[in-house]
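J.: Questions regarding the structure given below will be posed in turn.
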């Protein structure tokens, strides 16, 4: 009778240093994705603006696919919520090691996509602010690309060592993260971002942010006899050929550089910082939500014209805004501003913006239009 001898089974495990690196990679990638996703889902309209910029650039650079990219633009808000929520959910799933194989491969696909976008921005100098961390942290194009390459390497490590991660039944928490992240995005669209990180937020002084925080310092790169020189002061020697001027203290740059208001009579920018102005902001007539116009009309007509001066701030044509004023019987002054600035001031069309002596006192989505009494009470408290 033959008796089979059992052989010991050898279980191969990764060396300790590999497991430590993989666990660190999992934590770093998970935290960064959650942070990035939360910052952006707080302001999905801001991400929508960035996606629109990318699609417009791609349509211009790849004419053969212009129709495809232009066709995506109407869906940029939906895509914004999807991508931002996906970052949060994937980050949570990774930290919990939930379905690690599927999670890590989706993360890889997502980071490859982001790496392509940031490389395109940096190499071709297009869409120079990728919006990777919304308006919380501004990254230069090559810095954004380097960050994505770093994450790409970490995700490859996670895929390589994915078998070491302990499986956890955490579907409830992943589902909860999905519901909460989408809920935050929907709330921000229907109202305003819960956390306003823009320079036109309540409590911010617009004129102060238009000034540098300290005197700007520059260095000057010049060339002479085939050699490049750098000076802190521009040399008096006219034989030098100017090449470049470099800002040394970039953090001192004004946070607001493009705020300007005007009408047919000239510049009105400084006038907006005098007294109290209640501005109805209309950036696009064709995308205008008119359901709350009765409440807006009541507000603009109900405020004290001496204490609070109502006006319209718009980027649309004279004909369009005059037709709008006539339709809603708004006999208040109209001033012009750049459409991008208006998108930054308030993520709503129409939106309401209240400033006193240049300091923002209030900002409202059209769905949250206050009554005249609320505005008066708000000003009385401050």
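Residue numbers (full-length UniProt numbering): 1 to 382.
In this text, a Cβ means the ideal position worked out from N, Cα and C, and glycines have one as well.
Enumerate, from N- to C-terminal direction, the unbroken beta strand (DSSP E) stretches of 3 or more residues contained entirely within the region 298-349.
T.: Qualifying beta strand (DSSP E) stretches, in chain order: 308-314 and 334-336.
J.: Any idea if residue 251 is buried or exposed, counting beta-carbon neighbours within 10 angstroms, 16 or more meaning buried?
T.: exposed
J.: With burial defined as no fewer than 16 other Cβ atoms inside 10 Å of the residue's Cβ, what is the status of residue 286: buried or exposed?
T.: Burial call: exposed.
J.: Please identify the residue among 27, 123 and 191 whose C-alpha is closest to the C-alpha of residue 367.
T.: 191
J.: According to the neighbour-count rule (16 or more other Cβ atoms, all chains shown, within 10 Å of its Cβ), is residue 166 buried or exposed?
T.: exposed
J.: Cutting at 7 Å between CB atoms, please list the residues of its own chain near residue 18, excluding the five before and the five after it.
T.: 161
J.: Three or more beta-carbon pairs under 8 Å between the region 113-130 and the region 209-222, yes or no?
T.: no
J.: Determine the DSSP secondary structure at residue 80, reduced to helix, strand or coil.
T.: helix
J.: DSSP beta-bridge partners for residue 146?
T.: Its beta-bridge partners do not exist; DSSP assigns none.
J.: Within its chain, find whatever has a CB closer than 6 Å to the CB of residue 381; leave out the 5 residues flanking it on each side and keep chain order.
T.: none
J.: Under three-state DSSP, which class holds residue 393?
T.: The structure shown does not extend to residue 393, since the chain is modelled only from 1 through 382, so no value can be given for it.
J.: Could you tell me whether the region 68-79 touches the region 112-124, where touching means 3 or more Cβ pairs closer than 8 Å?
T.: no
J.: How many angstroms separate the CA atom of residue 244 from the CA atom of residue 121?
T.: 22 Å
J.: Going by DSSP, what residues sit across from residue 363 in a beta bridge?
T.: Beta-bridge pairing links residue 363 to 353.
J.: If you run the structure through DSSP and keep just helix, strand and coil, what is residue 242?
T.: In the structure shown, residue 242 sits in a strand (DSSP, three-state: E or B).
J.: Whose CA, out of 27, 326 and 349, lies closest to the CA of residue 189?
T.: 349
J.: According to DSSP, residue 263 sits in a beta bridge with which residue or residues?
T.: 266
J.: I'd like to check one pair, residue 145 with residue 119: are the Cβ atoms closer than 9 Å?
T.: yes
J.: State the start and end residues of the unbroken alpha helix (DSSP H) segment that holds residue 276.
T.: Element bounds for residue 276: not the alpha helix (DSSP H) but the beta strand (DSSP E), 276-282.
J.: Within 10 angstroms of its Cβ, does residue 43 collect 16 or more other Cβ (buried), or is it exposed?
T.: buried
J.: Can you say whether residue 75 is buried or exposed, counting buried as having 16 or more other CB atoms within 10 angstroms of its CB?
T.: exposed
J.: By Cβ distance below 6 Å, which residues in the same chain neighbour residue 249 in space, the five residues on each side in sequence not counted?
T.: Excluding its 5 nearest sequence neighbours in each direction, residue 249 has C-beta neighbours in its own chain below 6 Å: 217, listed in chain order.
J.: CA-CA distance, residue 234 and residue 141?
T.: 29 Å
J.: Given residue 80, which residues of its chain have a CB within under 7 Å of its CB, disregarding the five upstream and five downstream residues?
T.: 44, 47, 48 and 51
J.: So the alpha helix (DSSP H) residue 192 belongs to, where does it begin and stop?
T.: Careful: residue 192 lies outside any alpha helix (DSSP H) and carries neither H nor E.
J.: Who pairs with residue 14 in a beta bridge, going by DSSP?
T.: Partner(s): none; residue 14 has no beta bridge.
J.: Suppose contacts are defined by Cβ-Cβ distances below 9 Å. Is residue 379 in contact with residue 356 by that definition?
T.: yes
J.: Among the residues of its own chain, which have a CB less than 7 Å from the CB of residue 170, if the five just before and after it don't count?
T.: 96 and 98
J.: Label residue 281 either buried or exposed according to how many other C-beta atoms from any shown protein chain fall within 10 Å of its C-beta, with 16 as the threshold for buried.
T.: buried
J.: Kindly identify the DSSP beta-bridge partner or partners of residue 222.
T.: Answer is 229 and 242, bridged to residue 222.
J.: Can you grab the Cα-Cα spacing for the pair residue 261 / residue 346, in whole Å?
T.: 15 Å
J.: Roughly how many angstroms separate the alpha carbons of residue 365 and residue 292, rounded to a whole number?
T.: 10 Å
J.: Residues bridged to residue 247 by DSSP?
T.: 218
J.: Work out the CA separation of residue 236 and residue 204 for me, nearest whole Å.
T.: 42 Å
J.: If you compare alpha carbons, which of 232, 263, 139 and 26 is closest to residue 338?
T.: For the residues 232, 263, 139 and 26, the minimum Cα distance to residue 338 belongs to 263.
J.: Excluding the 5 residues preceding and the 5 following residue 242 in the sequence, name in chain order all residues of the same chain whose CB lies nearer than 6 Å to its CB.
T.: 222
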